[in-house]
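S.K.:
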Amino acid sequence: MLCSEFEDQLTDYIEGVVGPDISRQMAEHAMRCPVCHETLSAVRSTVEACRVAPVPMPSRELEARILQRTIPESAMNCVDFEEYLTDYLDGFLPANLYHRWER
1 MLCSEFEDQL
11 TDYIEGVVGP
21 DISRQMAEHA
31 MRCPVCHETL
41 SAVRSTVEAC
51 RVAPVPMPSR
61 ELEARILQRT
71 IPESAMNCVD
81 FEEYLTDYLD
91 GFLPANLYHR
101 WER
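Throughout the sequence shown, residue numbering follows our numbering, covering 1 to 103 in sequence.
1) For D80, which of Q68, I66, L97 has the nearest alpha-carbon?
2) For I22, does the three-state DSSP call read helix, strand or coil?
3) Helix, strand or coil for A30? Go by DSSP, reduced to three states.
4) Here's a check: name, in chain order, each residue in its chain whose Cβ is nearer than 7 Å to the Cβ of Y84, leaving out the five neighbours to either side.
5) Which whole-angstrom value describes the C-beta separation of V43 and I14, a residue pair presumed to lie in contact below a C-beta threshold of 8 Å?
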């Protein structure tokens with residue numbers, strides 16, 4: 001196996017999604033090639049660090065800014081929402097307004 005082939009299949013190998021023949025070739029290559037052995041160790045360590053790292057929670061301000069910039073043009077603003085809330089809950093909202101509630 002060439003180093004370039006090793007690198008191409010490295011993440012699949014670490015995730016365990018390669019077949020037994022490729023897995024054997026990868027293990028053998030890593031034992032013979034110090035550069036690929038070091039690459040394998042570094043990538044494994046990085047993947048494991050990512051798996052155990054806590055997921056950062058965005059601040060309310062950041063979440064609000066993201067939502068504001070990604071709201072579709074058809075989204076309902078707060079004033080319209082309050083105006084149509086009772087009709088929506090009662091099931092009397094016209095179809096064109098009803099679809100603006102979908103998100």
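Glycine is no exception: its CB is placed at the ideal position from the N, C-alpha and C atoms.
M.R.: Per the coordinate set shown:
1) L97
2) helix
3) helix
4) L93, L97
5) 6 Å
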